[in-house]
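Numbering (numbering that gives the first Met the number 0) for the sequence shown: 0 to 299.
Ideal Cβ positions, reconstructed from N, Cα and C, are used throughout, including at glycine.
Scroll down for the structure; my scribbles are underneath it.
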Amino acid sequence: MQKLHKRVERYVLFSEVAKLLSFAKAADSLAISRSFLSSQIKQLEKELGTSLLIRSTRQVRLTPAGFKVLEKMQEINSAIISMERELDQSKSEISGLLRITAPEMFSQSHLTEICHHFKQNHQDIEFEIDVSHNLHDLTQSHFDLAIRSTDTPPENMIAKKLTSYQHICCASPEYLEKFTYPEQPLDLMDHHCLSSPQIRTWPFYDGQTRVEVDIQGPFSANNQFLLLHAAMQGQGIIKAPDYLVQPALKSGTLVQVLENYFICKNDMFLIYPQVLHRSASLSAFIDFIQQWFSADPVKR
């Protein structure tokens with residue numbers, strides 16, 4: 000039994016190396032020394048009588064046997080996660096921890112408020128929100144649900160459309176008074192456009208013709224909230240999701256421009272695993288967030 004226990008532990012250590020393809024990163028992730036990790040993998044290979052990894056000074060690669068072991072360990076991990084979910088689902092009370100992964104802009108614009116209102120009705124609930132850009136596989140992670148902007152929701156998950164949104168262009172009244180209103184997309188070439196450093200063109204569509212405009216500006220950032228604040232300070236024109244700029248439009252801090260030109264439309268989905276019996280907490284939150292958007296047309 001002790002030998003089996005140690006072998007299972009070595010399989011887990013190997014899975015981390017195989018996933019990251021780096022002994023150093025795996026050792027840091029597991030909070031163990033690199034030398035101990037390496038010795039355990041060598042012992043596992045000795046017990047199996049085959050090489051699982053191809054090591055060099057620059058990289059680590061999987062052998063065919065290594066790929067097979069990793070695939071089986073992923074199946075085991077999924078089975079364990081599914082088992083733990085089934086155990087949690089035996090609880091009927093609305094309490095405990097809900098883990099959610101969602102885009103940063105949506106989290107700050109909507110999710111914080113939604114969680115706050117849900118908790119007012121269910122004091123024993125707790126939330127753990129992940130706002131990274133990683134598209135987590137819910138079958139391989141401990142997140143209960145994901146919120147994603149996508150045209151192709153995963154087929155192995157349940158996907159419920161929450162809302163639709165589109166990108167619009169806005170600027171402060173002060174900026175527009177100084178630089179005038181752009182009347183057509185090509186006018187943006189003479190304006191300060193606030194965007195990510197990786198985005199150098201903005202697409203537009205007037206119902207007949209699609210045009211991509213080369214943009215430039217004195218300020219760029221890979222964070223929409225920084226760009227939003229820059230726009231509100233009069234530094235230029237921003238292209239952003241309508242739900243993000245709606246409060247500034249309502250207060251008059253920003254003004255929409257190029258209203259007759261369509262940029263793009265996106266759908267936001269609620270995504271969660273297919274299980275026979277969801278926990279009471281997860282079911283209640285799914286119902287709550289769907290009602291949140293269906294009850295208020297402004298949010299849609």
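Short Cβ contact (8 Å threshold) for residue i with residue j
| i | j | result |
| --- | --- | --- |
| residue 82 | residue 271 | no |
| residue 230 | residue 257 | no |
| residue 203 | residue 260 | yes |
| residue 164 | residue 265 | yes |
| residue 239 | residue 226 | yes |
| residue 269 | residue 146 | yes |
| residue 199 | residue 213 | yes |
| residue 217 | residue 191 | yes |
| residue 292 | residue 162 | yes |
| residue 128 | residue 106 | yes |
| residue 289 | residue 159 | yes |
| residue 20 | residue 68 | no |
| residue 210 | residue 184 | yes |
| residue 166 | residue 40 | no |
| residue 194 | residue 219 | yes |
| residue 62 | residue 51 | yes |
| residue 287 | residue 97 | no |
| residue 121 | residue 80 | no |
| residue 95 | residue 70 | no |
| residue 64 | residue 49 | yes |
| residue 84 | residue 43 | no |
Which residues DSSP lists as bridging residue i, in chain order
| i | result |
| --- | --- |
| residue 27 | The partner list for residue 27 (beta bridge, DSSP) is empty, contrary to what the question assumes. |
| residue 238 | 168 |
| residue 246 | Answer by DSSP bridge pairing: none, since residue 246 is not bridged. |
| residue 100 | 129, 145 |
| residue 95 | 124 |
| residue 13 | Paired residues: none, contrary to the question. |
| residue 184 | In the DSSP output, where bridge partners are listed per residue, residue 184 has none listed. |
| residue 54 | 59 |
| residue 254 | 170 |
| residue 268 | 147, 160 |
| residue 292 | Per DSSP, none; premise fails for residue 292. |
| residue 261 | 204 |
Burial state of residue i, where buried means 16 or more other Cβ atoms lie within 10 Å
| i | result |
| --- | --- |
| residue 244 | buried |
| residue 232 | exposed |
| residue 242 | buried |
| residue 304 | With the chain running from 0 to 299 in the structure shown, residue 304 is simply not present. |
| residue 143 | buried |
| residue 141 | exposed |
| residue 115 | exposed |
| residue 7 | exposed |
| residue 169 | buried |
| residue 57 | exposed |
| residue 235 | buried |
| residue 278 | buried |
| residue 297 | Caution applies to residue 297, whose pLDDT of 46 falls short of 50 and renders its modelled position unreliable; the value that the coordinates give is listed next. Result: exposed. |
| residue 54 | exposed |
| residue 0 | A caution first: residue 0 carries a pLDDT of 43, below 50, which makes its placement in the model too unreliable to give a value. |
| residue 3 | exposed |
| residue 223 | buried |
| residue 111 | exposed |
8 Å Cβ cutoff, residue i in contact with chain D
| i | result |
| --- | --- |
| residue 67 | This model lacks chain D altogether; it includes just one protein chain. |
Item checked: Those runs of the alpha helix (DSSP H) which lie wholly inside the stretch 59-88 and span at least 4 residues -> As far as the stretch 59-88 is concerned, its whole alpha helix (DSSP H) runs of at least 4 residues are 63-87.
Margin query: As an exercise, report each continuous beta strand (DSSP E) stretch of at least 3 residues that is fully enclosed by the stretch 119-180, in chain order.
Written below: List check, beta strand (DSSP E) in window: 124-129, 144-148, 156-170.
Item checked: Sufficient close CB pairs (3 or more, under 8 Å) joining the stretch 36-53 to the stretch 7-19 -> Touching, per the Cβ criterion.
Next item on the list: Indicate whether the contact test is met: 3 or more Cβ pairs, each with one atom in the stretch 89-105 and one in the stretch 66-81, closer than 8 Å.
Entry: Judged by Cβ distances under 8 Å, the stretch 89-105 makes no contact with the stretch 66-81, as fewer than three pairs qualify.
Notebook entry, point to check: Which residue spans inside the stretch 188-240 form an unbroken beta strand (DSSP E) run of at least 3?
Noted result: For the stretch 188-240, whole beta strand (DSSP E) runs of length 3 or above, ordered along the chain, are 200-204, 209-213, 236-240.
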